[in-house]
Each structure stands twice: as structure tokens, then as C-alpha cells.
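Just so we're on the same page, the working numbering is the position in the sequence shown counted from 1, plus 211. Read the structure below first, then the notes.
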Amino acid sequence: MNKNIFEGKWDQVRGLAKETWGKLTDDDLERAKGSAIKFKGMLQEKLGYTEQQADGAIKDLLDKVGADSIKKEASKIVDKIKK
């Protein structure tokens with residue numbers, strides 16, 4: 212996993228994580244503060260994920276964040292074309 216991508220998308224990751232895993236509190240997410248390693252450990256501790264499950268969950272989360280960003284950019288381009 213690319214650490215810089217995780218840190219750069221932290222606000223989006225944080226919001227989606229709260230939606231996906233209701234057991235994660237604001238305090239939990241604040242402790243992770245954009246650290247993929249801390250976030251992974253939190254998934255293992257709070258949700259009982261194995262290391263592989265946590266890695267997969269983070270990858271899926273980043274894929275969703277990336278897809279949302281692409282959709283937003285595409286929408287902006289379409290709006291510009293329509294004008």
C-alpha cells in the first residue's frame with residue numbers, strides 16, 4: 212500500500228471508514244491520524260481482522276476513495292463541456 216496515498220486521502224478515508232465500520236469512533240480515527248499502520252492495527256484490534264483482512268479492507272477503502280475522486284473529476288469535466 213502506498214503510504215503517501217493513504218495520508219493524502221485521509222479525510223476521505225476517515226469519512227468512509229466511519230460509514231463502513233460504525234464501531235470505529237472519532238477518537239479511534241483521530242489516533243490513526245492518517246497512518247496506514249495505525250489504521251491497520253485498529254482494524255485488527257477493534258474488528259478482529261487478520262492482517263490479510265485488514266490489508267484487503269484498506270485496499271478496498273482506497274479503491275472506493277479513488278473511484279469517488281475520479282467520478283468527481285469526470286463530473287467537473289462534463290460540466291465544463293456543457294457550458
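For glycine and all other residues, C-beta sits at the position ideal for the given N, C-alpha and C.
- Message: On a Cα-Cα basis, can you pick out the residue from E218, V289, K294 that is closest to S246?
- Response: E218
- Item | Cutoff 8 Å; reference K249; Cβ partners in own chain excluding five residues on either side | R242, A243
- Query: Got a sec, what are the start and stop residues for the alpha helix (DSSP H) W221 sits in?
  - Reply: Start and end: 221 to 231.
- What three-state label does DSSP hand K244 in the structure shown? coil
- Message: Applying the 10 Å Cβ sphere with the 16-neighbour rule, what's the burial state of V289?
- Response: exposed
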